[in-house]
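Numbering of the sequence shown is given in UniProt numbering, commencing with residue 1 and proceeding in unit increments. The C-beta atom is built at its ideal place from N, Cα and C for all residues, glycine as well. Remember, predicted model here, so these are calculated numbers, not experimental data. Please read the structure below before turning to the comments.
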Amino acid sequence: MKSRPRTPSPRKRNVGDDEPKTPKNTVELRKLEAETCGLVQTGAKSPVKLRLQKFARGLEINIHQRAFMQKETEKKLAVLDRQAKKKKRKQKT
Numbered sequence: 001m002k003s004r005p006r007t008p009s010p011r012k013r014n015v016g017d018d019e020p021k022t023p024k025n026t027v028e029l030r031k032l033e034a035e036t037c038g039l040v041q042t043g044a045k046s047p048v049k050l051r052l053q054k055f056a057r058g059l060e061i062n063i064h065q066r067a068f069m070q071k072e073t074e075k076k077l078a079v080l081d082r083q084a085k086k087k088k089r090k091q092k093t
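Rendered as structure tokens:
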């Protein structure tokens with residue numbers, strides 16, 4: 001009977017433990033970027049690392065644009081609401 005070396009079984013992991021959450025702001029985005037770049041253990045000028053940094057920068061810009069557009073939309077809706085109320089008051093008189 002030949003004995004074969006046994007490899008250890010992989011550890012059971014909860015799927016949600018290591019799965020990153022979608023960043024909601026730039027602080028969370030920077031933290032996720034740092035964690036992801038830390039996982040890339042190749043040289044300092046790794047193409048993957050550079051692409052991740054550019055991707056994170058793009059997300060940061062997108063987050064800022066979304067916040068700006070949300071404020072602009074709120075302002076425009078407030079103006080339209082005021083105009084509608086004004087028009088309604090004129091029709092009553």
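Our two residues, Ala84 and Met69, have alpha carbons roughly 22 Å apart in a direct line. Assigned with DSSP and collapsed to three states, Arg6 falls in coil, not helix or strand. Annotation for Lys21: no alpha helix (DSSP H) segment contains it, and DSSP assigns it neither H nor E.
Thr93 carries a coil assignment under DSSP once its states are collapsed to helix, strand and coil.
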